[in-house]
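To start, the structure under review is shown below, and the notes come after it.
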Amino acid sequence: MLSLTEKQIRASFINASVRERSALTLPANFDDLDWDALDFLGWRDPKLPKVGYVVAVLDGQPVGIMLKQAEAKTRTRPQCSWCEDVHLPNDVVFYSAKRAGQSGRNGNTVGTLVCANFECSANARRRPPTAYIGFDVEAARQRQIEALRANVGNFLRDIRDKS
Numbered sequence: 060m061l062s063l064t065e066k067q068i069r070a071s072f073i074n075a076s077v078r079e080r081s082a083l084t085l086p087a088n089f090d091d092l093d094w095d096a097l098d099f100l101g102w103r104d105p106k107l108p109k110v111g112y113v114v115a116v117l118d119g120q121p122v123g124i125m126l127k128q129a130e131a132k133t134r135t136r137p138q139c140s141w142c143e144d145v146h147l148p149n150d151v152v153f154y155s156a157k158r159a160g161q162s163g164r165n166g167n168t169v170g171t172l173v174c175a176n177f178e179c180s181a182n183a184r185r186r187p188p189t190a191y192i193g194f195d196v197e198a199a200r201q202r203q204i205e206a207l208r209a210n211v212g213n214f215l216r217d218i219r220d221k222s
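Rendered as structure tokens:
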């Protein structure tokens, strides 16, 4: 992922008001982020525990969305829709996001199951178990990373394009 400034991040949000953009708290480790190990920047707001933010580069431009965690807990252990990891070391929760533009102002939302603290980039980079003799672990890991990028991109396009 490209390195982004605070100003670029705040300006990238497509489903947040000016007030929400200015009030958001950047991740605590923002100055020390390893941008090369990220497919998207995702974090929870420490001031608003049910609010999360995701910023990714989509079609060459940073696109950010604000998400809200659902109050209800899932009954079974779900799979993350973005990293699709079946051996998750973390919780997966349901997030909803307002659509961009008038559609979002009318109350239209989109939901998804995502790793609770947006650990997807780290999960996709873990070496998968060897499935069979001759299994190309590195190629499988690269496919996981590409699938994560596609899944996040598709979700962002869904938020952006239905306005």
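Sequential numbering from 60 applies to the sequence shown in this note's numbering.
Quick reminder that beta carbons are idealized off the backbone N, C-alpha and C, glycines included.
Q. Assuming Ile204 contacts Asp98 under a Cβ cut-off of 8 angstroms, what Cβ separation, rounded to an integer in Å, is found between them?
A. 7 angstroms
Q | Outcome for Arg216 when other beta-carbon atoms lying within 10 angstroms are tallied against a minimum of 16 | A | exposed
Q) Do you know offhand how far Ala156's Cα is from Ala198's? A) 33 angstroms
Q. Do you know how far the Cα of Asp93 is from the Cα of Arg184?
A. 13 angstroms
Q: State the beta-bridge partners of Cys174 as determined by DSSP.
A: Val151
Q: Could you check the C-alpha separation between Tyr111 and Pro188 for me, to the nearest Å?
A: Here the sequence assigns Gly to residue 111, which means Tyr is not the residue at that position. Roughly 31 angstroms between the two C-alpha positions.
Q) Can you tell which of Asp195, Glu65 and Thr135 has the C-alpha that lies nearest to the C-alpha of Val84? A) According to the sequence displayed, residue 84 carries Thr and not Val. Thr84 has its Cα closest to that of Glu65, out of Asp195, Glu65 and Thr135.
(Q) If you measure between the beta carbons of Leu117 and Gly193, is that distance less than 8 angstroms? (A) no
Q | Proximity of Phe177 and Trp102 at Cβ, strictly below 8 angstroms | A | yes
(Q) Output needed for Lys127: all residues of its chain with C-beta closer than 8 angstroms, excluding positions within five of it in sequence on either side, in chain order. (A) Lys109, Val110, Gly111, Tyr154, Ser155 and Ala156
Q: Can you tell me which of the three DSSP states Phe72 falls into?
A: strand
Q: Output the distance between the C-alpha atoms of Ser162 and Met125, rounded to the nearest integer angstrom.
A: 15 angstroms
Q: Consult DSSP for Lys132 and reduce its assignment to one of helix, strand or coil.
A: coil
Q: Specify, as a first and last residue, the run of the alpha helix (DSSP H) that Gly212 falls within.
A: Val196 to Asp220
Q: Below 8 angstroms on the Cβ atoms is my guess for Ala175 versus Val151; work out the distance and round it to an integer in Å.
A: 7 angstroms
Q: Look up Gln120 in the DSSP assignment and say whether it is helix, strand or coil.
A: strand
Q: In the DSSP assignment, find the unbroken beta strand (DSSP E) run with Gly101 in it and report its ends.
A: Leu100 to Arg103
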